[in-house]
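**Student:**
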Amino acid sequence: MNQGGVATTNGGSGSGSVGVQIHQSRRLPDFLQSVNLKYVKLGYHYLISNLLTLCFIPLIAVISIEVSQMNLDDLRQLWVHLQYNLASIIICSAILVFGLTVYIMTRPRPVYLVDYSCYRAPDHLKAPYGRFMDHSKLTGDFDESSLEFQRKILERSGLGEETYVPKAMHNIPPTPSMAAAREEAEEVMFGALDILFHNTNVKPKDIGILVVNCSLFNPTPSLSAMIVNKYKLRGNIRSFNLGGMGCSAGVIAVDLAKDMLQVHRNTYAVVVSTENITQNWYFGNKKSMLIPNCLFRVGGSAVLLSNKSKDRRRAKYKLIHVVRTHRGADDKAFRCVYQEQDDAGKTGVSLSKDLMAIAGGALKTNITTLGPLVLPISEQLLFFTTLVVKKLFNAGIKPYIPDFKLAFDHFCIHAGGRAVIDELEKNLQLLPIHVEASRMTLHRFGNTSSSSIWYELAYIEAKGRMRKRNRVWQIAFGSGFKCNSAVWEALRNVKSSSNGPWEDSIDMYPVKINT
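Just so we're aligned, residue 1 is where the sequence shown starts under the working numbering, counting upward by one.
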């Protein structure tokens, strides 16, 4: 399980204390201290963002006045003038038609999100704190120091009492076999796909592209082949299986599907995102490798994408941007989430103490790329002006942090852990409601890896908050180290689809999470 950002701890296995270590990012300026400043900023944003409109208003008014004063003679003279310049008009018209034709033929095809589904495991797979700790003790694999460490991580994790672990982990002793891992994968993937096909009335034979991502379980035949076999997908399907790419692989899978939809016309793409816990539970005593046991839980999603123009009417969202950042060239970033064996030969995923600092650097790079694509002109000018002043005059002013709340209405921050949500809320100056979906997803379902951003989107829909033309920012972190973003625009007021993950619990949320 590749962790995309959690509170990390000391890596030694001998200490009984829990040293949760978070590298704090630079504190950002608070622009909300002054009410006057707030209104000045909003006014400036409105003025700059509507500058073109404001310039065109007097021009349109002048043209309207001139046209209203024209008589029949003026119109006749205008017609004669056009006749004498017929060749120029034909040439200009031909150029215009050619340009429009080239634009229409070469522009990217829109990609629509028709619908998606998230898997909700049965109640007998729930793992409340007490049962989790009892089972950990009964395995006999953990010493007292490790048990106490896990207990404290659970208390501070932000997870609730109703998250799920796979069937094999409920057995005493656990039975992490290949057969059990396949069973977990089938239950999650097929469970999500059954709901998706039922809700969309799309036949499996109509699927032209299939992308599956799962980091740590990659059997032969592949997970994508398991889906092809289960649903008897057509023989010429373009199928892909992404492994080892961490919690941000869901966005990577969407990006791959988007590229394929640019090439293959009039078809559907299905993206399945999951992680497999059964064979990746750590049964050792190294502290940095115990954290995934406490955070990762069963979950998965299935997303139906389309490039068919007729699907715009029923689609929920349109894909606007995908921005991917990879820091793997840096050795520390490459090894900060690393699958390895401990000194006793037991395999697990180790989380570096530098994880939060590395995630912060990847985030900075990603939003620097994303910003010019999504931010209003006012925010870009403010950022650019402060940057130029600082560079030219070496002024002791802090860089202006763009207000991403002006670009997005909803935020789906990967529920990798409490620390990453806290840090993004602070550094992007978000309000509690902006990170509510992430916190509640972590509480209800735990870290479901690459599928967590879809549980968060489902939460926003279940709360009835998604309105037409709202923009959603999905952002996820993963091993490698990667930070990836996807931007969607709602095509209508979006309601929850049937059999959603929050169907049985949305009225109980939000809940207060103890600090």
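Using N, Cα and C, we set each Cβ at its ideal position, and we do this for glycine too.
Helix, strand or coil: how does DSSP classify Ser177 here?
**Tutor:** Coil, per DSSP.
**Student:** Assign Phe477 to buried or exposed, taking buried as 16 or more other Cβ atoms, counted over all protein chains shown, within 10 Å of its Cβ.
**Tutor:** Burial call: buried.
**Student:** Per DSSP, what kind of secondary structure is Thr325 in: helix, strand or coil?
**Tutor:** Thr325 falls in the strand class under three-state DSSP.
**Student:** CA-CA distance, Arg335 and Arg313?
**Tutor:** Between Arg335 and Arg313, the C-alpha separation is close to 45 angstroms.
**Student:** Looking at C-alpha atoms only, which residue of Gly250, Leu147 and Gly140 is the closest neighbour of Pro173?
**Tutor:** Considering only alpha carbons, the answer is Gly140.
**Student:** Whole angstroms are fine: how far does the CA of Pro402 sit from the CA of Phe553?
**Tutor:** Residue 553 is absent from the structure shown; the chain starts at 1 and stops at 515.
**Student:** If you draw a straight line from the C-alpha of Gly12 to the C-alpha of Asn293, how long is it?
**Tutor:** For Gly12, the pLDDT reaches just 39, beneath the cut-off of 50, and the residue's location in the model is therefore unreliable, leaving the point undetermined.
**Student:** Where does Trp281 fall in DSSP's three states?
**Tutor:** If DSSP states are grouped into helix, strand and coil, Trp281 belongs with coil.
**Student:** Can you list the alpha helix (DSSP H) stretches of 4 or more residues lying completely in the region 177-204, in chain order?
**Tutor:** Counting only runs of 4 or more, we get 178-200.
**Student:** Using a Cβ-Cβ cutoff of less than 7 angstroms, which residues in the same chain neighbour Pro128 once the five nearest sequence positions on both sides are dropped?
**Tutor:** Here the set comprises Glu161.
**Student:** Give me the Cα-Cα distance between Trp502 and Ala192, rounded to the nearest whole angstrom.
**Tutor:** Taking the straight line joining both Cα atoms gives about 14 angstroms.
**Student:** Taking the CB atoms as reference points, tell me whether Ala225 and Leu242 lie closer together than 9 angstroms.
**Tutor:** In this structure, Leu242 does not lie closer than 9 angstroms to Ala225 by Cβ.
**Student:** Here's the rule I'm using: 16 or more other beta-carbon atoms within 10 Å means buried, otherwise exposed. How should Glu66 be labelled?
**Tutor:** So Glu66 ends up on the exposed side.
**Student:** Along the chain, where does the beta strand (DSSP E) containing Cys412 start, and where does it finish?
**Tutor:** Looking at the DSSP string, the run of the beta strand (DSSP E) that includes Cys412 is His410 to Ile413.
**Student:** Rounded to whole angstroms, how far is the Cβ of Ser273 from the Cβ of Ser450, which I believe are closer than 8 angstroms?
**Tutor:** That belief holds up - the Cβ atoms of Ser273 and Ser450 are roughly 4 angstroms apart, short of 8 angstroms.
**Student:** Restricting to Cα atoms, I'd like to know which of Val114, Leu373 and Lys286 is closest to Ala344.
**Tutor:** Out of Val114, Leu373 and Lys286, Lys286 has the C-alpha closest to the C-alpha of Ala344.
**Student:** Excluding five sequence neighbours on each side, which residues of the same chain lie with their C-beta closer than 7 angstroms to the C-beta of Phe142?
**Tutor:** Ser136 and Asn285, listed in sequence order.
**Student:** Taking DSSP as the reference, what is the three-state secondary structure of Asp134?
**Tutor:** Asp134 falls in the helix class under three-state DSSP.
**Student:** Residues in the same chain with beta-carbon distance under 7 angstroms from Arg469, minus the five sequence neighbours each way, listed in chain order, please.
**Tutor:** Here the set comprises Glu489 and Ala490.
**Student:** Who are the near neighbours of Lys332 in its chain, counting only those whose CB is closer than 8 angstroms to its CB and skipping five residues on each side?
**Tutor:** Around Lys332: Ser352, Asp354 and Ile358.
**Student:** Note down the Cα distance separating Leu424 from Cys483, rounded to an integer number of angstroms.
**Tutor:** Taking the straight line joining both Cα atoms gives about 13 angstroms.
**Student:** Give the range of the alpha helix (DSSP H) segment to which Ile291 is assigned.
**Tutor:** From DSSP, the alpha helix (DSSP H) with Ile291 extends over Lys287 to Leu295.
**Student:** Whole angstroms is fine: what's the gap from Asp259's alpha carbon to Ala269's?
**Tutor:** Distance between the alpha carbons of Asp259 and Ala269: 11 angstroms.
**Student:** Do you know how far the Cα of Leu261 is from the Cα of Phe296?
**Tutor:** Roughly 32 angstroms between the two C-alpha positions.
**Student:** For Met508, does the count of other Cβ atoms within 10 angstroms reach 16, so buried, or fall short, so exposed?
**Tutor:** So Met508 counts as exposed.
**Student:** Please report the distance separating the alpha-carbon of Ala315 from that of Ala181.
**Tutor:** C-alpha separation (whole angstroms): 34 angstroms.
**Student:** When the distance is taken between beta carbons, is Gly480 closer than 9 angstroms to Met245?
**Tutor:** Yes, the pair counts as a contact, with Cβ atoms nearer than the cut-off.
**Student:** Do you know offhand how far Gln339's Cα is from Gln279's?
**Tutor:** Roughly 13 angstroms separates the two Cα atoms.
**Student:** Taking Phe550 as the reference, which of His81, Lys167 and Arg465 has the closest Cα?
**Tutor:** Absent from the structure is residue 550, since the part of the chain shown begins at 1 and ends at 515.
**Student:** Between which two residues does the alpha helix (DSSP H) carrying Gln341 extend?
**Tutor:** Unbroken run through Gln341 is the beta strand (DSSP E), Val337 to Gln341; no alpha helix (DSSP H).
**Student:** Contact defined as beta carbons within less than 8 angstroms: I believe Leu196 pairs with Ala302. What is the distance between those atoms, to the nearest angstrom?
**Tutor:** 4 angstroms between Cβ atoms; contact.
**Student:** Check the DSSP bridge columns for Ile207 and list the partner residues they point to.
**Tutor:** Paired residue(s): Tyr268.
**Student:** Among the residues of its own chain, which have a CB less than 7 angstroms from the CB of Ser222, if the five just before and after it don't count?
**Tutor:** Cβ within range, chain order: Asn241.
**Student:** Quick one: what's got a C-beta closer than 6 angstroms to Thr369's C-beta in the same chain, skipping five residues either side?
**Tutor:** Closer than 6 angstroms at Cβ, skipping near neighbours: Val323.
**Student:** Going straight from the alpha carbon of Leu387 to that of Thr101, what length do you get?
**Tutor:** Approximately 41 angstroms, taken between the alpha carbons.
**Student:** How about Val188 and Gly300: do their beta carbons lie closer than 9 angstroms?
**Tutor:** Yes; because the gap between Cβ atoms is below 9 angstroms, this pair is in contact.
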